[in-house]
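Asks: According to the numbering used here, the sequence shown is numbered sequentially starting from 8.
Idealized CB from N, CA, C, for every residue including glycine.
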Amino acid sequence: MPSEREIRRRIRSVRNIQQVTKAMQTVAASRMRRAQQAVLASRPYEERLRAILNELAPNADPELHPLLARREVKRAAIILVTTDRGLVGALNTNVIRAAIRHSEALPASAFVAVGRKAIGQLRRFRQPTTAEFSGFSERPTTGDTSIVARVAIEEFVARRVDEVYVTYTRFINTLRQVPTVRRILPLAPEDSAGRSAGGSPRATLQYIFEPDPESVLEAVLPRLIELTVYQAALDNAASEQSARMVSMRNATDNAAELIQDYTLAANKARQGRITKEMLEIASGAEALAK
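#1: Do S110 and G122 have their C-beta atoms closer together than 8 Å?
#2: Please name the residue in Q128, V155, V95 and L87 whose C-alpha comes closest to that of F118.
#3: Given 7 Å as the limit, tell me if Q267 has its C-beta closer than that to any heavy atom belonging to the ligand ZN.
#4: Applying the 10 Å Cβ sphere with the 16-neighbour rule, what's the burial state of V27?
#5: By DSSP, does R177 sit in helix, in strand, or in coil?
#6: DSSP three-state call for Q134: helix, strand or coil?
#7: So is R166 buried or exposed if we call it buried at 16+ other beta carbons inside 10 Å?
#8: Tell me whether the beta-carbon of A272 lies closer than 8 Å to the beta-carbon of R15.
#9: What residue from E13, R50 and A115 has the CA that sits closest to Q134's CA?
#10: Using only alpha-carbon positions, find the residue among S153, T282 and A263 that is nearest to Q25.
#11: What number of angstroms, rounded off, separates the C-alpha of A226 from the C-alpha of R77?
#12: Is R40 closer than 8 Å to E145 when the C-beta atoms are compared?
#13: In angstroms with no decimal places, state the Cα-to-Cα distance between A97 and A239.
#14: Thinking C-alpha only, which one of P147, E162 and A84 is nearest T174?
#15: In its own chain, which residues sit with a C-beta less than 6 Å from the C-beta of K124, not counting the 5 before and 5 after it?
#16: Could you have a look at L56 and say whether DSSP puts it in helix, strand or coil?
#17: If you draw a straight line from the C-alpha of E11 to the C-alpha of E287, how long is it?
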């Protein structure tokens, strides 16, 4: 059993760690609120733009824009979005596992790595990468993610890949984040397209494109891809801060429990030491009396 002095030293060490994790929890909580507000504020815009696609795509000729073109899938690209830093529990492990599992179901694939954890793990597993990006996982901007989207668009238009997927961690709430694989190219209406709120077929609307269909699609479709990648990065950022806050809170709570256990052990050691000293004094007094 460790000595009382050793236990006291451990208590001081754990208490110092607890102060650090508590501070990190506070910082993560502040960043989490900001990230959650950003992802929730951007979702209606992305959903509205996708609703426009749902209305336009059934009436648009796939030949009007290369991003609508469907072809036999021989090779796909997977945009893998992770964090730059750790201390997020199993967040990165789960999304990387989902991406690799999805890649194994494809004829051939290459990754676009976003985040230092994605870059490191893909190199470790010797997965081919088309491009690598890092440095903005906590606070992504449209400028950061538009570069990623342009790489995906260029690969698809050049026919080097026939499909593009984005794999990220979708933010649900503070305690729940879900690894998600989503196809973003070729663009197609969502499954709900052509249905009314009650599930019945929706009346087909005829659109007049001004100045022409090609110009409208050229303006809308690349923007939708950029926004989808940006939304994925925002979701991942909110998930990152939520997971980090929860991890630091758990670490702080575990430290408190450990301090309590060590304190109990220290008190027992102190009690044992005092009892031993009293017995020694009593034995000495008895010996002197004889």
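Replies: On the basis of the data shown:
#1: no
#2: L87
#3: Only the bare structure without any ligand can be found here, which leaves the ligand ZN out of the picture.
#4: exposed
#5: strand
#6: coil
#7: exposed
#8: no
#9: A115
#10: A263
#11: 20 Å
#12: no
#13: 18 Å
#14: A84
#15: T89, T90 and N99
#16: helix
#17: 19 Å
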